[in-house]
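Student:
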Amino acid sequence: MRSTVVAGGFYEAERNLLEEQLNECFSGVSREENADIIGAVVPHAGYMYSGAVAASVYAQLPKADTYVILGPNHQGVGSLIAVAQDTWKMPLGDVEVDKTFVEALPKRIIDLDEKAHKYEHSIEVQLPFLQFLFDKTFLFVPICMGLYDEETTREVGEDLADTIAQTDKKVVLIASSDFTHYEPDEIARSKDEYVIEAITELNVAKFYNRIYGRNVSVCGLGPIAAVMYAAKKLGATEGKLISYATSGDSTGDRSSVVGYGGIIIR
Numbered sequence: 003m004r005s006t007v008v009a010g011g012f013y014e015a016e017r018n019l020l021e022e023q024l025n026e027c028f029s030g031v032s033r034e035e036n037a038d039i040i041g042a043v044v045p046h047a048g049y050m051y052s053g054a055v056a057a058s059v060y061a062q063l064p065k066a067d068t069y070v071i072l073g074p075n076h077q078g079v080g081s082l083i084a085v086a087q088d089t090w091k092m093p094l095g096d097v098e099v100d101k102t103f104v105e106a107l108p109k110r111i112i113d114l115d116e117k118a119h120k121y122e123h124s125i126e127v128q129l130p131f132l133q134f135l136f137d138k139t140f141l142f143v144p145i146c147m148g149l150y151d152e153e154t155t156r157e158v159g160e161d162l163a164d165t166i167a168q169t170d171k172k173v174v175l176i177a178s179s180d181f182t183h184y185e186p187d188e189i190a191r192s193k194d195e196y197v198i199e200a201i202t203e204l205n206v207a208k209f210y211n212r213i214y215g216r217n218v219s220v221c222g223l224g225p226i227a228a229v230m231y232a233a234k235k236l237g238a239t240e241g242k243l244i245s246y247a248t249s250g251d252s253t254g255d256r257s258s259v260v261g262y263g264g265i266i267i268r
């Protein structure tokens, strides 16, 4: 069983305090389930910074049997493209992995490796949002990515799309990513708007070109691109920016911020 890494840091570790924190994240956000959503992009910072942006997206996600959550490998541990199947122990209760989906995934590039997930926070911080909305009615599939090149993300995306197409389950894809890191607020917003436009167009080539052209520090480059590839293969035609903020909106310090974007893909 996988234990939490950032409970008590990025989000509250005690159940009642976490429920209060999530209620705060969802305050002012109406639950409007959108059945057309195939994928989403959500941030993974501490809830005080990015929780409201994440909640704005989760409030629109349809109830699904399985949520496939892709996150970057910040720690550099384990396989470069890793899925896991152990149960995750969380403050709001244990969350089970969809082992049937994991077994069905082609293993041409995705490895089964628990080590890659042991210390990584980017997927963990998404689970309380899903638990808050759907309790114990869902399974999930965690995929941690340490390779971000376009060929790799295309293969991951295609393998996910093919696996989803072969199941009768309702599956939603989630890419966990923050946007620009540690630049002045005005620059971060400009860079992120430039990159997010390519995501909303589902134009993966433009996404990569804009990332590298302006040196935009998007930590979840790989997960976002893989979800774009998968969603397009599953019939998605557009993305939509739901919410955007920077850490400066929370701290008041706009000299060096991190950008957070919440996007749906349908």
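Just so we're aligned: 214 in my numbering is position 212 of the sequence shown, and the numbers increase by one with no gaps anywhere. Yeah, the Cβ is synthetic: ideal placement off N, Cα and C, and Gly gets one too.
#1: Can you say whether Lys193 is buried or exposed, counting buried as having 16 or more other CB atoms within 10 angstroms of its CB?
#2: By the DSSP assignment, the alpha helix (DSSP H) with Ile166 in it spans what residues?
#3: According to DSSP, is His271 helix, strand or coil?
#4: Is it the case that the region 133-141 contacts the region 196-210, given that we only count it when at least three CB pairs across the two stretches are under 8 angstroms?
#5: For the 8 angstroms Cβ check, are there 3 or more pairs between the region 52-62 and the region 242-252?
#6: Once you ignore the five residues that flank Arg216 on each side, which residues in its own chain have a CB closer than 7 angstroms to its CB?
#7: Kindly confirm or deny that the region 163-179 and the region 103-113 touch, where touching means at least three C-beta pairs closer than 8 angstroms.
#8: Return the residue from the list Asp67, Arg17, Asp251, Ala9 that minimises the CA-CA distance to Ala37.
#9: Would DSSP call Arg17 helix, strand or coil?
#10: So, do the region 22-32 and the region 149-165 have three or more beta carbon pairs nearer to each other than 8 angstroms?
#11: On the three-state DSSP scale, how would you describe Phe131?
#12: By Cβ distance below 7 angstroms, which residues in the same chain neighbour Ser178 in space, the five residues on each side in sequence not counted?
Tutor: By the coordinates alone:
#1: Taking the sequence shown and counting its residues from 1, the one referred to as residue 193 is at position 191. Classification of Lys193: buried, given that the 10 Å Cβ count is 16 or more.
#2: Here residue 166 refers to the residue found at position 164 of the sequence shown. Start and end: 152-167.
#3: This structure cannot speak to residue 271, because the chain is shown only from 3 to 268.
#4: no
#5: yes
#6: Mapped onto the sequence shown, residue 216 falls at position 214. Only Lys193, Tyr196 meet the Cβ criterion.
#7: yes
#8: The count along the sequence shown starts at 1 and reaches residue 37 at position 35. It is Asp67 whose Cα lies nearest to the Cα of Ala37.
#9: As a first step, residue 17 must be located in the sequence shown, where it is residue number 15. Reduced to three states, the DSSP call for Arg17 is helix.
#10: no
#11: Translated into the one-based positions of the sequence shown, residue 131 becomes position 129. Note: Phe131 maps to helix in three-state DSSP.
#12: Locating residue 178 in the sequence shown gives position 176, counting from the first residue. Excluding residues within five positions, the ones whose Cβ falls inside 7 angstroms are Val44, His46, Ile71, Leu72, Gly73, Ser124, Ile125, Gln128, Gly222, Pro225.
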